[in-house]
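Below is one structure; the comments refer to it alone.
Protein chains: 4
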Amino acid sequence: MAPAADTRIKVGIVGGTGYTGVELLRLLSQHPNVELRAITSRKEDGMPVAEMFPSLRGRVNLKFQVPDSAGLEHCDVVFFATPHGVAMSQAQALLAAGVRIIDLAADFRLQDTAVFERWYKMPHACPDVLRESAYGLVELNRERVAAARVVGNPGCYPTTVLLGLAPLFQGDAPLIDTGHVIADCKSGVSGAGRKAEVATLFSEASDNFKAYGVMGHRHHPEISEQLKLLAGQPVGLTFTPHLVPMVRGMFSTLYMRILPSALDVDFQALYEQRYADEPFVDVMPAGSLPETRTVRASNFLRIAVHRPDGGDQLVVLVVQDNLVKGASGQAVQNMNLMFGLPETTGLGLIAVLP
Amino acid sequence: MAPAADTRIKVGIVGGTGYTGVELLRLLSQHPNVELRAITSRKEDGMPVAEMFPSLRGRVNLKFQVPDSAGLEHCDVVFFATPHGVAMSQAQALLAAGVRIIDLAADFRLQDTAVFERWYKMPHACPDVLRESAYGLVELNRERVAAARVVGNPGCYPTTVLLGLAPLFQGDAPLIDTGHVIADCKSGVSGAGRKAEVATLFSEASDNFKAYGVMGHRHHPEISEQLKLLAGQPVGLTFTPHLVPMVRGMFSTLYMRILPSALDVDFQALYEQRYADEPFVDVMPAGSLPETRTVRASNFLRIAVHRPDGGDQLVVLVVQDNLVKGASGQAVQNMNLMFGLPETTGLGLIAVLP
Amino acid sequence: MAPAADTRIKVGIVGGTGYTGVELLRLLSQHPNVELRAITSRKEDGMPVAEMFPSLRGRVNLKFQVPDSAGLEHCDVVFFATPHGVAMSQAQALLAAGVRIIDLAADFRLQDTAVFERWYKMPHACPDVLRESAYGLVELNRERVAAARVVGNPGCYPTTVLLGLAPLFQGDAPLIDTGHVIADCKSGVSGAGRKAEVATLFSEASDNFKAYGVMGHRHHPEISEQLKLLAGQPVGLTFTPHLVPMVRGMFSTLYMRILPSALDVDFQALYEQRYADEPFVDVMPAGSLPETRTVRASNFLRIAVHRPDGGDQLVVLVVQDNLVKGASGQAVQNMNLMFGLPETTGLGLIAVLP
Amino acid sequence: MAPAADTRIKVGIVGGTGYTGVELLRLLSQHPNVELRAITSRKEDGMPVAEMFPSLRGRVNLKFQVPDSAGLEHCDVVFFATPHGVAMSQAQALLAAGVRIIDLAADFRLQDTAVFERWYKMPHACPDVLRESAYGLVELNRERVAAARVVGNPGCYPTTVLLGLAPLFQGDAPLIDTGHVIADCKSGVSGAGRKAEVATLFSEASDNFKAYGVMGHRHHPEISEQLKLLAGQPVGLTFTPHLVPMVRGMFSTLYMRILPSALDVDFQALYEQRYADEPFVDVMPAGSLPETRTVRASNFLRIAVHRPDGGDQLVVLVVQDNLVKGASGQAVQNMNLMFGLPETTGLGLIAVLP
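So the protein lines, in turn, are chains A, B, C and D.
Count along the first sequence from 1, add 257, and you get the number used in the numbering used here.
Count along the second sequence from 1, add 257, and you get the number used in the numbering used here.
Count along the third sequence from 1, add 257, and you get the number used in the numbering used here.
Count along the fourth sequence from 1, add 257, and you get the number used in the numbering used here.
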């Protein structure tokens, strides 16, 4: 069912003053099938979007509005670029109005509401909506997303870790020691959002490197839940996020121990085959060393598969732009799929290098 | 004369291994009317472009070729993203083959060959071609560019300084003291190119700020020559370039003393009127403080006009991306004009912020 | 009156949780004559200083205390590394207890209380203390500082601009057009302090350059008041501060028009002579291009004097570390002078390069 | 045997134009017992050191000299801050003249000359000197260093990995799976030195993150050789170095699987006890997250021990300044020990934060 080239999708954005919001605006205002209808912010009601983000001058003429007067119920789809908890509070009303929902926060990521409540310190407001929602990692979940009314857009770290591990869980025979997977992940600072906080000030984060969340990070249960689905059993994961003094970019170094029975597997071929038809996943040639800048401001995610000295340790390197494939680009990819558009529509922008 | 929507321009690039080269590739491969035919590099002959610049994987399938075998003479236009001196050595042969030329180096910027020779330490190889060439600052020179076979693409600093000053030189009555114009300019490090040099190493340029070229910079005579054309007389210019620890971006702070006779002029209005129809020049509202990131990876140049305390000192702030409006984007803008395309074709990309 | 080598100065710090505070701690804890007695913070009462700033682990064993229980009245000197307005509210009580005061905020910088009130939006609490206070720019004011009970430590921008201009105002004959001095200044982000604010987030300030305060900046009246003292008449100043994506460092580019009567002056010699005996002011050889990193983490300020093409425009380049000579180092320099120690005591640390 | 407080060590530096060279100069010129006698550079013969590194103006008055005329044989100790291969070519002559040697390159790091030759592509020039040399990781090798005439200063990565692992190899009973140790290491760009190379240009390395050396890195065999000594058996190591867009700093995240027999071990206590008397190794409190900036420009190395969810995975975080504890500071620490000075002499400088 090819959509008419003149498909018009009426889009609303709730909470567009953060980085995923302005990135949605950048992508959606360059998308050929999108008509931006409304963007909300309680705090900035009345301010032209292009005044807050002059990069959009002459391109986005909307003003921020308070949610009540924004007419979101007349949109085809609403993106939530909000703190956790907002989307689930408005989901049922929008669905009742026939509006589809893509949440860039965590409200529809974790199927297990007990886990959600433990990590996000709030009860889940609509478990039934959650049950019908789809986890929006297209490459793992294409059919469900295409049919969904509500999509939980994955976290940035989970996107890299899950796509970096998925090829290992395809067949029946296990290939790696699933009890001890290590994800050593590094993120640019924009992943922390546009909140005024001391820890992400320039003078704190620049010329510095640190780990954080070693004692626990909200993306850990999200990865674990999805890995369990992929592997058919719980997967033991050690997850260490680090903060890199760069604005955009995410780099995940994944360490897996290859099982004796799988030492003959050609992992490079395995990955290449798994992603051969994926437009946004690039399995690089053997020996490659991906750099985050090669995906900066683009929706691509690149993977390199290494096996040092041909031993039993598999090292998989994954890069993405945390604000694009790790957030807003992936959200648009989900939208394309939900509305029957080619998945790459409006997402072909080439990475900005240098 | 509207061109057919299916205009195809066969493009060659000489010397595509530097930053203006890869930026040309990014822009041209997303341009709807361009067919990239060849890219040359003596040193990297045979290497796939996307191997050197993985950001182009899946998008640019060319390999670098030595110039002789690249078939440049079958192109409609050839861009030179080379060191100074290369374009002028090949210009006549290409013109004879009917190929148009856009040089991103300095060979066709300075009309005065004596000045060229003093600053670039080489004789000019084809003064006659130089004479017919156009200085490719479209906003000042649209008609000549449209008719030109050879365009000298302006330097990055001159683009900001000239567009920041041009509105002051429109009428007959002088508005400012033309004997003492000050351009305090700041550039990101990519302006220095992709040459291996100690001074632009990360560990030298990061977390540091310095002036350079205070004793003389090649863009000084270029600005002066064009200012003389604009003003109808020599303009006294003090030009101080500085190096900013950022990859892309240029910021010029221009100081002019308003003549007593012009103290009543509304300079904000003057600038707005001058650039009202320019698609890439954005005169921001009074009181604005432009930031380089608002034009990052885009072809826009933004100007803010200030007059502190309403006194006789005019302060004009100009920002651009040195690799786009300051180099490769401007080159594509010139190409569009030379081939009768709408000037904005392929150049509508929104700035990447953050 | 040479002090005994075993002079011990009991030091208190009010408000030590910001960047000038932690820099004071770094310098004072390496100072041979200082005994750190107390550091206050209402908000962090009870927290070990080294927990907030692990760089001080094993070196500073104090805990933050609320001011009332800190025993500041038993100190010889108290540094205020606080927001504007705090020092003046506590000055009289401390003076009564025989404690000397060095304020790193603005309470004792501006002698004109009307100007203070206009820019800082609060009445001055103790104009009499202000009158007896000294402006702590040692190189201009050594005798007054040595005798002072209260010192207003200069702002970072004023330090560079005033030391960059002072040699021009020594004799009776004016050397430059005092009506039109331009200070184009660039600061690292640490100058904005350790407050949680969106504008100084890493993702806002990194890979970006902007001007700010073009419409007015609090350091403008401070510079103007001191320049008037130096010149014996009001000096017209255009002051444009910019934000550089680096943590520490300040670079001021000063433009002055040389008067016809002064065209024969040897400005290089003038500057060298003026600062020949100053331990922290380095007039670099003619033709030098100072870099901020050459003073990083040190109390030195370097100056280079340029006169492009030998014309009538003087360009003076000044670099300092805004947190050291521009704040905490200068404060320690003031303390040394006030307590009869050699001015360089504890301040000999060499710049960290790279 | 306490040295007289007036011990004077005559020091020469071979090859002082790189980052370890200028860092040696910074540290040694602030060292109370050092007399800098000579510094050599074939290329920069005659240039004042302070002209190349203006941070040293007024503090280091030496000029670079060619080695033959530098009088190195009259020094007490010579540091080699040179490319690999230089120290071993001059070692015997200097030893014969009674001069001790500290090599900051790799010539005296690897005891196995076959391994040296494989990784450094040159035969070892003096295996006998190598045999008597000491591996200069003081915390593991204090007695040998104190008695050595020749010290091979450790690589930066090995310093963090070895000190991060050493406490696990103290007793007889193994605590971890020694077959599968993972070191995910991140280094600032200054580790690559001051060579003009495209890969470490600001515009390549800034706003970017990448792995390198996944297929093999020279520090791998160095770590392995020392680990084998520590463990009494070969240790299986996966080592992945990454490049961080910061100038100084190194962060190593170490992953070890705890053996079932050791699950009850208190690893925090183990580390604290091991390093209780080490002046430069700081085992931070349980739960700490070290940042590289807390050791910037200082000789400290900080360690945090984590055990996520109390499971069988041990995660050890190690930070240092790659140019200080990872290079020049450690070299001075070795010198202190070799000359009977307190190990901390001249090395007490507090980290520069922010």
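Cβ atoms here follow ideal geometry from the backbone N, Cα and C, with glycine treated the same way.
Small disclaimer: the values here were computed from a predicted structure and weren't measured.
Check, Outcome
"C:K300: CB within 7 angstroms of a non-hydrogen atom of the ligand FMN", "With respect to the ligand FMN, the structure offers nothing, as it holds no ligand at all."
"C:H331 classed as buried or exposed, judged by whether at least 16 other C-beta atoms fall within 10 angstroms", "exposed"
"Backbone CA spacing between D:E292 and D:G328 [nearest angstrom]", "14 angstroms"
"Whether C:P498 touches C:S463 by CB criterion (8 angstroms)", "no"
"B:C383 - DSSP class collapsed to helix/strand/coil", "coil"
"Residue-level contact to chain C via CB, D:Q287, 8 angstroms cutoff", "yes"
"Per-residue burial, A:A259 [other beta carbons within 10 Å of its own, 16 or more giving buried]", "Its pLDDT being 49, under 50, A:A259 is placed unreliably in this model, and the value from its coordinates should be taken loosely. By the 10 Å Cβ count, A:A259 comes out exposed."
"Exposure label - D:Q518; buried when at least 16 CB within 10 Å", "In the sequence as displayed, the identity of residue 518 of chain D is Ser instead of Gln. Exposed."
"A:C442 - partner residues in DSSP beta bridges", "A:P498, A:S509"
"Those residues which DSSP pairs with A:E308 across a bridge", "None; A:E308 has no bridge partner."
"Cβ-Cβ separation, A:A440 to A:F496 (assumed contact under 8 angstroms), whole Å", "5 angstroms"
"Chain-order list of residues whose beta-carbon lies under 8 angstroms from that of B:T297 (same chain, five-residue window excluded)", "G269, I270, V271, G272, G273, F321, Q322, V323, P324, A327, L329"
"D:E400 classed as buried or exposed, judged by whether at least 16 other C-beta atoms fall within 10 angstroms", "exposed"
"Boundaries of the beta strand (DSSP E) in which C:L571 is found, first to last residue", "570-577"
"Coarse secondary structure for A:G269, derived from DSSP in three states", "strand"
"Where D:H331 sits in the DSSP three-state scheme", "helix"
"Among B:H437, B:H477, B:L520, the one whose alpha carbon lies nearest that of B:P415", "B:H477"
"Whole-angstrom C-beta distance between B:A588 and B:N398, which should lie under 8 angstroms", "Wrong, their Cβ atoms sit about 14 angstroms apart, outside the cutoff."
"For A:Q349 and A:D385, the rounded distance between their alpha carbons", "10 angstroms"
"Neighbouring residues, chain C, relative to A:E548 (Cβ below 7 angstroms)", "Under the 7 angstroms cutoff, chain C gives no residues; its nearest Cβ is about 16 angstroms from A:E548."
"Buried/exposed call for D:A554, threshold 16 Cβ in 10 Å", "buried"
"Backbone CA spacing between B:I620 and A:R283 [nearest angstrom]", "The structure shown does not extend to residue 620 of chain B, since chain B is modelled only from 258 through 611, so no value can be given for it."
"Short Cβ contact (8 angstroms threshold) for D:Q570 with D:R514", "yes"
"Proximity to B:R314 [Cα-Cα], best of A:M592, A:V538, A:L580, A:L422", "A:V538"
"Span of the alpha helix (DSSP H) around A:E648", "For chain A, the structure presents residues 258 to 611; residue 648 of chain A sits outside this window and is missing."
"Min CB distance C:Y276 to chain A below 8 angstroms", "yes"
"At least 3 beta-carbon pairs within less than 8 angstroms: the segment 471-485 of chain D vs the segment 303-310 of chain D", "no"
"Exposed unless 16 or more other CB atoms sit within 10 angstroms - verdict on A:G544", "exposed"
"Simplified DSSP assignment, three categories, for D:H392", "The question names His, but residue 392 of chain D in the sequence shown is Tyr. Looking at D:Y392 - three-state DSSP - the assignment turns out to be strand."
"Whole-angstrom C-beta distance between A:L487 and A:F426, which should lie under 8 angstroms", "4 angstroms"
"Cross-chain neighbours of B:F459 in chain A, by beta carbon under 8 angstroms", "Simply none; closest approach about 11 angstroms."
"Inter-residue CB distance, A:G393 and A:V408 (contact presumed, cutoff 8 angstroms)", "4 angstroms"
"Beta carbon of B:S286 nearer than 8 angstroms to that of A:L610", "no"
"Between the CA atoms of D:S346 and D:P599 - distance to the nearest angstrom", "31 angstroms"
"Chain-order list of residues whose beta-carbon lies under 6 angstroms from that of A:V573 (same chain, five-residue window excluded)", "G421, L511, V562"
"Neighbour flag for D:H563 against chain A, beta carbons, 8 angstroms", "yes"
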